[in-house]
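> Chains as they are written, first to last, in our numbering: chain R, 104 to 440; chain C, 1289 to 2087.
We treat Cβ as the ideally placed atom computed from N, Cα and C, and that holds for glycine.
Here the structure is a predicted model, which is why all the values come from computation and not from measurement.
Would you mind keeping the following structure in view while I ask a few things?
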Amino acid sequence: MKDSIQKIAEAAEKEIAAARPNELEKIRIKYLGRKSELTSLLRSISYLPENKRPKMGQLANQLKTKIEAMIEKKAGMVKGSKSCPIDKDRLDTTVTPSEHLLGSHHPISQIKQKLERFFASIGFEIMDTPHMEDDYHNFEGLNIPLDHPARDAHDTFWMKNGRLLRTHTSTMQVYSLKTRKPPIYTINLGRCYRYEDLDASHENTFNQIDGFMVDKGIGMNHLLGVLQSMFEYVFERDVKVRFRPSYFPFVEPGAELDLSCLICDMKGCSTCKGTGWIEMLGCGITHPSVLKIGKLDTHKYTAWAFGMGIDRLTMMYNKINDIRLFNGADLRELRQF
Amino acid sequence: MRLSLEWLGDFCALPSKIDVNKVAHDLTMHTAEVEEVNKVGEQFNGVIAARIERIEPHPNTEHLRLAIINTGKEKLTIVCGVTKAKAGDMAAYAPAGAKIIDTRSNDGSQLIVKRAEVKGVKSNGMLCTAKELGLGEDHSEAFFLPDGTKLGQDIKKILNLTDIIFNIDNHSLTHRADLWGHWGWARELHALYGWRLKDINLPALKFNNKSPLLEVHTRDKKLCARRISALITNVKIAPSPSWLAKRVEAIGERPINNIVDITNYVMFAFGRPLHAFDAETCRDSSGKYYLEARHAKNGEKLFALDEKEYALTNDMVVLATKAKALDIAGVMGGLHTGITEKTTSIIYEAANFSAANIRHTSMKLGLQSEASNRFSKGLPPALVELGLKYALQLTHKLCPEAKIEAIADTGMKKSATRQITTSLDYCNTLIGRKIDKQEIKQHLERLGFNPKVAKNHVSVTVPWWRAGDIKIDNDVVEEIARVSGYEKIKPAMPTGVLKAPSINEERQLEWHLRSVLSGFGIDEVYTYPFVGLDALKKLDMDKDNLVEMKNPISKEASILCPSLLPNLLQAAKRNLRYLNNGFAFYEIGKTFSDKERLVLTIVMVGSKKDNERVFRRVQEVAHGICQSMHIDYKQLPISDAPSYYHPNRSVQLEKNKETILRAGELYPNVITAFDIDTRIGIIECELATLLKHKPPRVTLQPISRYPKIERDLAIIVDDRLEYQALVDRIKKIEPRLIARVDLFDIYKGKQIPDGKKSLAVRITYQSMDSTLEDRTVSKIQSKVCAAIKKDLNGVVRDS
């Protein structure tokens, strides 16, 4: 009988150790239930000789207590049981951290980054040219002499020191040609300034990107290809693009680029005024009088350039309807980005 | 500008059926943007002519009357409110189903006329007022039609309301002086569709420069290359005939009289401004007519047609008699020298003023006109004669009795024609599409370029009307590209040498800082680059090297920001209205003073309760920035910093004795000046300086392989003793073996005397080349204790 008790003890210990929490009740019934080996063993004690009964009874009861304790201990680790130490660790996890843990990047910065990444990935160098400029870099060098009617479109902030705030990022073309030899692949992104009255779609401090490519055999088809890829990279979808004739003194032939309306997918809507197209930027083949700054053979090397407003692109991208958000520094708005 | 389709028909043969929307699209895609297409008279439909047979009173009201009308087919009764209409008048009648303007709404929306009973009488439609037809403002009387009008005819036919108006975006015409008149657009239609151009045959001008009646001079030929004056007498001023009035109305001008309308016709037909003087105003006492083009005198004053007085300067040109200036050349005529009903003799002035000078004058005076817009685009010299010839022909037609007395010319010279040869390879490369030679030839021919196509090139003669914008081969290529169609260009990626672009390190640093600061929970903002003196004063900023603007938007935005702080602090103030539990933002932007700098400025707004938190946070971010860049920096007390830094709550991080960044709290007075009532922390640094101290790469430093021994020390020192001094003193004792000194508690209060503080520090001993023995450490530790006592006047508590 002593052996049987020992065997039961061993088996129970093993089984309890290996048991999953939901099996413990079954194990308890198996070892301590009315039909269990131990119960029948306890009943059979009365058949033992009198002198052996107390000893065996003690052993059997010890085993019973031990199994109960093992089960209890094991169960103690179980979720929901009173003695569970894990339960004492309970925290109110519904208390959540601030909804604004990380600082936001300005939406214009984010679009600028997309543009920078796109152009860097196809071999364009990112330039940074001064914001306070002289007349030459902003106008003369770009084939816009004094009293040229194209200056009408550039309402300029002038400084008392005779300098001006650049009205476009195209100044970069002059710097590129002065300091680099072809092939020249450069972009310039940043703030530009024009004397404008503010409203939902006009800013006096806004952002532009200019792209410039000088190489052998460069034509308008390449300009169109790069610009299409640029929009596809930014919007992460297929787009259509087309040229329309236009005039900018530093390009010839000159064009405006229309982008297929991404709101209505060219079905015609209020944004595209029913045309299916949205005017995005000015561009063209660089005028030879600009290329001459680089003392280049203007028939051996040809070039294209484009200039685009980043604010309007960002407004399209993030569905922002008022340009004044960008310089407004209102964290309630900016933290959404 | 507005283009009238019917007017275009004066210069090219229009087909009988035209899809005007297609024309608008094609012009947009090949020439310049058509913003809008309007059908004249589209505001009403189905209105016909009817004769009023008789007028009867309304049986039930005094306010209305009954008109019995005849439409040619039937006689109908109409209830109407008109009072002047009488039997026999021809009037505009809208039968049921016709569309007219709903005058109750002010947005020009339409209504459909219905049969209705008005006060017990059935009305078969309406008699329309001018307002209901959009043909005038009158809303009290029927719109009358001329006698003899055919009954039942659509009044659009009667009134000739069949025109189409194209609205062109002027911006796209900056370089095309020829497109500032209908004639140029007729040539575009010819180029696109081959519609035949009508010949303009005009008799040659008979110049008479020595006329005893007319004396003209041009004083500065640089500013006025050519000028023709024509004196005409026996002119009868009268309203223009309806065809001319209609032309003038079509482009949005008001018909005035025959002579003024002729000058407008010539301007909008050929883009050729023309001025008509009342010749009597140019007559001197001897009876001679006199007109000279000369520089204005400084301070000379002139009342212009817009009834404003302008003060002129001597860089401007005026047309003048010997006595006084009559007209601001190329910009606007004088108020008292124009054509009036009493005028009987006129002088037409057609001149070629310098484009740059007219634009300059116009900008300087803040005065733009249809004439100055055209002059500033650079008009071809040959247009002077053409415009005047056309005006003379029209004058002869409208006033057959008028007599040309003299035509004087100053500056006549034959302008040279320009030949341009373009390589076809170059053309195809630029366009990025091979265009057939024959096609090229056809386009250029229709544009009037008289092309000669050879094997590898095409030679053209630039037509005189394009002298201003076709100067080099690229210009010719654009003509070919746009007429053949920009839409046909297919996108292609360029092929070139694969080469990694050189890296813009400052831009990379910008992005690095953005991600570091984002990790600290700081938001990026942009602010304006303009500031006013008042805001700078609040910060007590240096006034040297300020960049002042010549044409600022306002006094508060009249200086280019020498620092991002003022505008960021104003942004903080604005945000405090909505966010009150502490926030922080930064801007990476340009500042302007002795030079342009790219700087990072961070503003951290504390909550009112916290005493130390703002500074500690600012310090963490400042150190975080330098650590993120692996700069081996040192923190030092602030020195030589702008006065807006709190002297006891600011630090600077240095490398090689150069300040990399400053971090601290704002001086309390400054915060108050910005009307803020919480502590504000700021960090300022220049990106170029950060970059300068950034090590090119990180190289691994060996770590000790031997165990460390830690000893804690509690010290009571003077409250003003700075922690760094304690660390420096401890390390100095055995720099090779004291690996770290870390503060883990500061205590002031019970058991610590006033003016003292208790610091708990842990000293970590570790050697790079051996296992330290307890003895060694104890020896150093007692030296440390001795030094603290002796040099720092500290008390080491039992350890």
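Please tell me whether K263 (chain R) has its Cβ less than 8 Å away from any Cβ of chain C.
Residue 263 (chain R) sits at position 160 when you count from the first residue of the first sequence. Yes, because at least one Cβ of chain C sits closer than 8 Å to the Cβ of K263 (chain R).
> Report yes if the C-beta distance between Y1578 (chain C) and K1610 (chain C) is below 8 Å; otherwise report no.
Taking the first residue of the second sequence as position 1, residue 1578 (chain C) is located at position 290. Taking the first residue of the second sequence as position 1, residue 1610 (chain C) is located at position 322. Yes. Within cutoff.
> Out of C:G1666, C:I1340, C:W1468, C:P1491, state which residue places its alpha-carbon closest to the alpha-carbon of P1434 (chain C).
One-based indexing of the second sequence puts residue 1434 (chain C) at position 146. P1434 (chain C) has its Cα closest to that of C:I1340, out of C:G1666, C:I1340, C:W1468, C:P1491.
> So if DSSP puts R2085 (chain C) in a beta bridge, which residue, or which two residues, is it bridged to?
Taking the second sequence and counting its residues from 1, one reaches residue 2085 (chain C) at position 797. According to DSSP, which records beta bridges pairwise, R2085 (chain C) is partnered with nothing at all.
> What do you reckon, are the CB atoms on L362 (chain R) and V337 (chain R) nearer than 8 Å?
Residue mapping note: residue 362 (chain R) aligns to position 259 of the first sequence, counting from 1. Residue mapping note: residue 337 (chain R) aligns to position 234 of the first sequence, counting from 1. Going by C-beta atoms, L362 (chain R) is not nearer than 8 Å to V337 (chain R).
> Just the C-alpha distance for K1831 (chain C) and F1818 (chain C), rounded to the nearest angstrom, thanks.
Locating residue 1831 (chain C) in the second sequence gives position 543, where the first residue counts as 1. Locating residue 1818 (chain C) in the second sequence gives position 530, where the first residue counts as 1. Their Cα atoms are separated by approximately 15 Å.
> Given a cut-off of 8 Å on the beta-carbon distance, is the pair F1663 (chain C) and G1618 (chain C) in contact?
By 1-based counting over the second sequence, the position of residue 1663 (chain C) is 375. By 1-based counting over the second sequence, the position of residue 1618 (chain C) is 330. A contact, by the Cβ cut-off of 8 Å.
> Taking its Cβ as the centre, do 16 or more other Cβ atoms sit within 10 Å of L1490 (chain C), making it buried, or is it exposed?
For this step, residue 1490 (chain C) is matched to residue 202 along the second sequence. L1490 (chain C) is exposed by the Cβ-count criterion.
> Residues in the same chain with beta-carbon distance under 6 Å from L1532 (chain C), minus the five sequence neighbours each way, listed in chain order, please.
On the second sequence, residue 1532 (chain C) is found 244 positions in, with the first residue counted as 1. Contacts found: D1549.
> Along chain C, in chain order, which residues have C-beta atoms closer than 8 Å to that of S212 (chain R)?
Along the first sequence, one-based indexing puts residue 212 (chain R) at 109. What S212 (chain R) touches in chain C: R1802, E1812.
> Figure out for me which residue from C:L1302, C:K1589, C:P1527, C:L1519 has the closest Cα to the Cα of A1567 (chain C).
Counted from its first residue, the second sequence places residue 1567 (chain C) at position 279. Minimum Cα distance to A1567 (chain C) is reached at C:L1519.
> For the beta strand (DSSP E) containing Y1636 (chain C), name the first residue and the last one.
One-based indexing of the second sequence puts residue 1636 (chain C) at position 348. Run containing Y1636 (chain C): 1634-1641, per the beta strand (DSSP E) assignment.
> Where do the ends of the alpha helix (DSSP H) carrying P1956 (chain C) lie?
Your numbering for residue 1956 (chain C) matches position 668 in the second sequence. Looking at the DSSP string, the run of the alpha helix (DSSP H) that includes P1956 (chain C) is 1956-1961.
> Less than 8 Å between CB atoms is the rule here; does S349 (chain R) satisfy it with respect to chain C?
Position 246 of the first sequence, counted from the first residue, corresponds to residue 349 (chain R). Taking Cβ atoms only, chain C reaches closer than 8 Å to S349 (chain R), which makes this a yes.
> Can you confirm whether H1253 (chain C), when its beta carbon is compared against all beta carbons of chain R, has any partner nearer than 8 Å?
Lying before the first or after the last residue shown, residue 1253 (chain C) is absent from chain C, which here runs from 1289 to 2087.
> Closer than 7 Å by beta-carbon distance: list the chain R residues that pair up with R1523 (chain C), in chain order.
Taking the first residue of the second sequence as position 1, residue 1523 (chain C) is located at position 235. Correcting the residue identity first, residue 1523 (chain C) is Val in this sequence and not Arg. Chain R residues near V1523 (chain C): none, gap ~35 Å exceeds 7 Å.
> In three-state terms, what does DSSP make of S1411 (chain C)?
By 1-based counting over the second sequence, the position of residue 1411 (chain C) is 123. It is a strand residue.
> Does the CB of W1799 (chain C) have a neighbour CB from chain R at under 8 Å?
Reading the second sequence from its first residue, position 511 is the one you call residue 1799 (chain C). Closer than 8 Å: yes.
> By the 8 Å beta-carbon criterion, what residues does the segment 1961-1978 of chain C contribute toward chain R?
Against chain R - using a Cβ distance shorter than 8 Å - the segment 1961-1978 of chain C contributes no residues.
> Counting only Cβ-Cβ distances shorter than 8 Å, please list the residues of the segment 287-304 of chain R near chain C, keeping chain order.
Residues passing the 8 Å Cβ filter: Y288, R294, Y296, Y298.
> Any idea if I1919 (chain C) is buried or exposed, counting beta-carbon neighbours within 10 angstroms, 16 or more meaning buried?
Here residue 1919 (chain C) is taken as the residue at index 631 of the second sequence, counted from 1. With 16 or more other Cβ atoms within 10 Å, it is buried.
> Taking only runs that begin and end inside the segment 1869-1910 of chain C, name each unbroken beta strand (DSSP E) of 3 or more residues, in chain order.
Taking only runs of at least 3 residues, the beta strand (DSSP E) segments lying wholly in the segment 1869-1910 of chain C are 1871-1880, 1884-1893.
> Which residue's Cα is closest to the Cα of L1834 (chain C): C:Y1866, C:K1883, C:D1466?
Locating residue 1834 (chain C) in the second sequence gives position 546, counting from the first residue. Measuring from the Cα of L1834 (chain C), the nearest candidate turns out to be C:K1883.
> Against I321 (chain R), what residues of chain C qualify as contacts under a CB-to-CB distance less than 7 Å, listed in chain order?
As a first step, residue 321 (chain R) is located in the first sequence; it is residue number 218 there, counting from the start. Ordered by position in chain C, the residues that pass the 7 Å Cβ test against I321 (chain R) are P1782.
> H208 (chain R) and F440 (chain R) - do their beta-carbons sit closer together than 8 Å?
Counting from one through the first sequence, the residue named residue 440 (chain R) turns up at place 337. Counting from one through the first sequence, the residue named residue 208 (chain R) turns up at place 105. The answer is yes: Cβ separation under 8 Å.
> Inspect the beta-carbon positions of I214 (chain R) and T417 (chain R) and report whether they are closer than 8 Å.
If you number the first sequence from 1, residue 214 (chain R) lands on position 111. If you number the first sequence from 1, residue 417 (chain R) lands on position 314. It is a contact, given that the beta carbons lie within the stated cut-off.
> Does the segment 1883-1900 of chain C come close enough to the segment 1966-1973 of chain C to have 3 or more Cβ pairs within less than 8 Å?
In short, these stretches touch, since the Cβ pair count reaches three.
> Can you tell me where the beta strand (DSSP E) holding S2046 (chain C) begins and where it ends?
The residue given as residue 2046 (chain C) occupies position 758 in the second sequence. Unbroken beta strand (DSSP E) run through S2046 (chain C): 2044-2053.
> For a contact defined as C-beta to C-beta under 8 Å, what are the partners of D1763 (chain C) on chain R?
Position 475 of the second sequence, counting from 1, holds the residue named residue 1763 (chain C). Those within 8 Å of D1763 (chain C) in chain R are E355.
> I need the straight-line Cα distance from G2043 (chain C) to A1929 (chain C), nearest angstrom please.
If you number the second sequence from 1, residue 2043 (chain C) lands on position 755. If you number the second sequence from 1, residue 1929 (chain C) lands on position 641. Their backbone Cα atoms lie some 29 Å apart in a straight line.
> Could you tell me the distance, in whole angstroms, from the CA atom of V1891 (chain C) to the CA atom of R435 (chain R)?
Position 603 of the second sequence holds residue 1891 (chain C). Position 332 of the first sequence holds residue 435 (chain R). Near 16 Å, if we compare the C-alpha coordinates of R435 (chain R) and V1891 (chain C).
> If the criterion is Cβ atoms closer than 8 Å, does the pair A1638 (chain C) and L1686 (chain C) meet it?
As a first step, residue 1638 (chain C) is located in the second sequence; it is residue number 350 there, counting from the start. As a first step, residue 1686 (chain C) is located in the second sequence; it is residue number 398 there, counting from the start. Contact: no.
> Using only alpha-carbon positions, find the residue among R:K155, R:R156, R:R146, R:L141 that is nearest to K169 (chain R).
As a working mapping, residue 169 (chain R) is identified with position 66 in the first sequence. The candidate whose alpha carbon is nearest that of K169 (chain R) is R:L141.
> In chain C, which residues lie with their C-beta within 7 Å of the C-beta of M159 (chain R)?
Position 56 of the first sequence, counting from 1, holds the residue named residue 159 (chain R). Those within 7 Å of M159 (chain R) in chain C number zero; the least Cβ separation is about 58 Å.
> Just to confirm the assignment: which complete beta strand (DSSP E) runs, minimum length 3, are found wholly within the segment 339-404 of chain R?
As far as the segment 339-404 of chain R is concerned, its whole beta strand (DSSP E) runs of at least 3 residues are 344-348, 354-363, 380-389.
> Examine chain C for any beta-carbon lying closer than 8 Å to the beta-carbon of I388 (chain R), and answer yes or no.
Along the first sequence, read from residue 1 onward, the residue named residue 388 (chain R) stands at position 285. By this cut-off, I388 (chain R) is an interface position.
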